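Q: Structure incoming, see below.
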Amino acid sequence: MNLFKFLDRRASAPVARERLQILLAHERASVCNANLVALLHKEVLAAVSKHIAIDPERVEVNLRERDKVSLLEIDIEIDAAMKRTDIGEAA
Amino acid sequence: MAKILVVTSGKGGVGKTTTTAALGAALAQSNHKVAVVDFDVGLRNLDLVMGAERRVVYDLINVANGDAKLHQALIRDKRVDTLHLLAASQTRDKDALTEEGVRRVIDELRERFDWIVCDSPAGIERGATLAMRFADVAVVVANPEISSVRDSDRIIGLLDAKTERAERGERLDKHLLLTRYDPGRAARGEMLHVDDVLEILSIPLIGIIPESEDVLRASNVGSPVTLHTTTSAPARAYMDAARRLCGVDVPMDIPVDKKGLLVRLFGRRAA
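Residue numbers (full-length UniProt numbering), protein chains in the order written: chain A, 1 to 91; chain B, 1 to 271.
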């Protein structure tokens, strides 16, 4: 029992290697997406808030990737009270 | 044609400064005109490792801001004629360096030297991106340790995104230099093997520096390891790496565990 534990502790490099491979595969995918999502978030926010008053905290932009399709989700909550009355004039 | 080489890493303490000094000296020893430049503003150390800490009058920021001429700030190495140092400032604000200032210094250095070796600060912030900004070649320094390998991956990403060369769509040569490598521990599965790191980071290898007392001994006395103990294993590994940078085809010598069983059993206790 103790001997097995001893051998186990020795070969930690394969564990490190596996952890790194999983982690980096994940990080490489999300780092470039994170930048894109942040950019989209900012620009969508700017475009929409020209016409409707929105709470930046309640805007969600997500980019999901499945096998062959990417899905861009934009969720913007609008309060009835926050709708501008002068939308027609602004346009 | 001058080459700008940046020595970089995400994680601190992996041996960027040691590597800058060793590679700079090795290149200068083979008669290239070399300037080593410390970009680690606020925490300068390259002057100390090079043994020139008491000779610094003007530094990189002085030159970048036009307060001093380049020739006033360049410190010529006492051992090798073709080796020069441009130190970092210790006292000023770390944001004192601007892209324009750095560009001017680099352009001026380009005219006088064959190699400009830039010692980057650790991390991914302004100082690090400025150090790599104008690079033609990058040496990414890593230890065979998970945190270092992960951070190296980030740095490789930055090299592909934030350098002028990358922005112009040109090629930036990226190389991996593995430091503090212990072949015995790698063979026993206690340390990531060179092949593991290479497979994970997938950039070409420029050298493997074995873990050695000689590295510390050299920096203790303020001498690049390639000048201090020319025949030691790390010195030879650095000199081979320098030759590879110059395009010479040097076979890669992966260190092997030379210790016998008795040394392995009893040597550890003495260490």
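Cβ atoms here follow ideal geometry from the backbone N, Cα and C, with glycine treated the same way.
Since the structure is predicted, the reported quantities are computational estimates derived from the model, not experimental observations.
For the stretch 54-75 of chain A, list every residue whose C-beta sits within 8 Å of some C-beta in chain B, in sequence order.
A: none
Q: Looking at C-beta atoms only, is the number of pairs between the stretch 55-74 of chain B and the stretch 26-33 of chain B that lie closer than 8 Å three or more?
A: no
Q: The ligand GDP and B:T129: does any heavy atom of the ligand fall closer than 7 Å to the residue's C-beta?
A: Because no ligand of any kind appears in the structure shown, any question about the ligand GDP cannot be addressed here.
Q: Using a Cβ-Cβ distance under 8 Å, would A:G88 count as near chain B?
A: For the purposes of this step, residue 88 of chain A is identified with residue 88 of the first sequence, where counting begins at 1. Its pLDDT being 48, under 50, A:G88 is placed unreliably in this model, and the coordinates cannot settle the point.
Q: Is it buried or exposed, B:T19, if we count other Cβ atoms within 10 angstroms and call 16 or more buried?
A: Taking the first residue of the second sequence as position 1, residue 19 of chain B is located at position 19. Looking at its Cβ environment, which holds 16 or more other Cβ atoms inside 10 Å, B:T19 is buried.
Q: Within the 8 Å Cβ cut-off, does B:H193 reach chain A?
A: Within the second sequence, residue 193 of chain B is the residue found at index 193, counting from 1. Output row for B:H193: interface = yes.
Q: If you pair each beta-carbon of the stretch 72-81 of chain A with each one of the stretch 51-62 of chain A, do three or more pairs fall below 8 Å?
A: yes
Q: Applying a beta-carbon distance threshold of less than 8 Å, which residues of chain B neighbour A:L40?
A: Position 40 of the first sequence holds residue 40 of chain A. What A:L40 touches in chain B: nothing, since even the nearest Cβ is about 18 Å away.
Q: Quick one, are the C-beta atoms of B:A87 and B:I106 less than 8 Å apart?
A: Here residue 87 of chain B refers to the residue found at position 87 when the second sequence is read from its first residue. Here residue 106 of chain B refers to the residue found at position 106 when the second sequence is read from its first residue. Between B:A87 and B:I106, the gap from beta carbon to beta carbon reaches 8 Å or more.
Q: From B:M84 to B:D196, what distance separates their C-alpha atoms?
A: Taking the first residue of the second sequence as 1, we reach residue 84 of chain B at position 84. Taking the first residue of the second sequence as 1, we reach residue 196 of chain B at position 196. Checking the sequence shown, residue 84 of chain B turns out to be His, not Met. Going from the Cα of B:H84 to the Cα of B:D196 covers about 36 Å.
Q: Per DSSP, what kind of secondary structure is B:H175 in: helix, strand or coil?
A: Position 175 of the second sequence holds residue 175 of chain B. It is a strand residue.
Q: Which residues mark the beginning and the end of the beta strand (DSSP E) in which A:E73 is found?
A: Here residue 73 of chain A corresponds to residue number 73 of the first sequence, with the count starting at 1. Looking at the DSSP string, the run of the beta strand (DSSP E) that includes A:E73 is 70-76.
Q: So is B:I146 in contact with chain A if we call contact Cβ pairs under 8 Å?
A: Looking up residue 146 of chain B in the second sequence gives position 146. Judged by the 8 Å Cβ criterion, B:I146 is in contact with chain A.
Q: Closer than 7 Å by beta-carbon distance: list the chain A residues that pair up with B:V149, in chain order.
A: On the second sequence, position 149 is the one that residue 149 of chain B refers to. For the C-beta of B:V149, the chain A residues within less than 7 Å are, from N- to C-terminus, L20.
Q: If you reduce the DSSP assignment to three classes, tell me which class B:A142 lands in.
A: Counted from its first residue, the second sequence places residue 142 of chain B at position 142. Three-state DSSP puts B:A142 in a strand.
Q: Kindly indicate which residue of B:V117, B:A242, B:A138 has the alpha-carbon position closest to the one of B:D38.
A: Taking the second sequence and counting its residues from 1, one reaches residue 38 of chain B at position 38. When each option's Cα is compared against that of B:D38, the closest is B:V117.
Q: Of all the CB atoms in chain B, is at least one closer than 8 Å to the CB of A:A47?
A: The residue given as residue 47 of chain A occupies position 47 in the first sequence. No, A:A47 does not count as interfacial toward chain B.
Q: With a CB to CB cut of under 7 Å and the five nearest residues on each side skipped, what residues in its chain are close to B:S212?
A: Here residue 212 of chain B refers to the residue found at position 212 when the second sequence is read from its first residue. Around B:S212, the same chain offers S232, A233, P234 as residues with beta carbons nearer than 7 Å, after the five sequence neighbours per side are excluded.
Q: Is there at least one Cβ from chain A nearer than 8 Å to B:D153's Cβ?
A: For this step, residue 153 of chain B is matched to residue 153 along the second sequence. Taking Cβ atoms only, chain A reaches closer than 8 Å to B:D153, which makes this a yes.
Q: What is the DSSP secondary structure of B:T8, counted as helix, strand or coil?
A: Working through the second sequence from its first residue, we reach residue 8 of chain B at position 8. Looking at B:T8 - three-state DSSP - the assignment turns out to be strand.
Q: With contact counted as at least three CB pairs below 8 Å, one residue from each stretch, are the stretch 130-139 of chain B and the stretch 51-62 of chain B in contact?
A: Using a C-beta cut-off of 8 Å, the stretch 130-139 of chain B makes no contact with the stretch 51-62 of chain B, since fewer than three inter-stretch Cβ pairs fall below that distance.
Q: Comparing C-alpha positions only, which one of B:R171, B:G207, B:A242, B:R150 sits nearest to residue 287 of chain B?
A: Past the edges of chain B, shown from 1 to 271, lies residue 287 of chain B, and the structure says nothing about it.
Q: For the stretch 187-246 of chain B, list the beta strand (DSSP E) runs that are entirely contained and at least 3 residues long, ordered along the chain.
A: 205-210
Q: With a cut-off of 8 Å, do at least 3 Cβ pairs link the stretch 95-109 of chain B to the stretch 120-131 of chain B?
A: Output reads yes: the stretch 120-131 of chain B touches the stretch 95-109 of chain B.
Q: Who are B:A35's beta bridge partners in DSSP?
A: Here residue 35 of chain B refers to the residue found at position 35 of the second sequence. B:A35 is bridged by DSSP to B:H84, B:I116.
Q: Just to check my reading of the structure: B:A26 and B:M239 have Cβ atoms closer than 8 Å, yes? What is that Cβ distance to the nearest angstrom?
A: In the second sequence, the residue the question calls residue 26 of chain B occupies position 26. In the second sequence, the residue the question calls residue 239 of chain B occupies position 239. The beta-carbon separation of B:A26 and B:M239, rounded to 5 Å, stays under the 8 Å limit for a contact.
Q: In the DSSP output, which residue or residues are listed as bridge partners for B:Y58?
A: On the second sequence, residue 58 of chain B is found 58 positions in, with the first residue counted as 1. Paired residues: none, contrary to the question.
Q: Using DSSP with H/G/I as helix, E/B as strand and the rest coil, what is B:K78?
A: Counted from its first residue, the second sequence places residue 78 of chain B at position 78. Correct three-state label for B:K78: coil.
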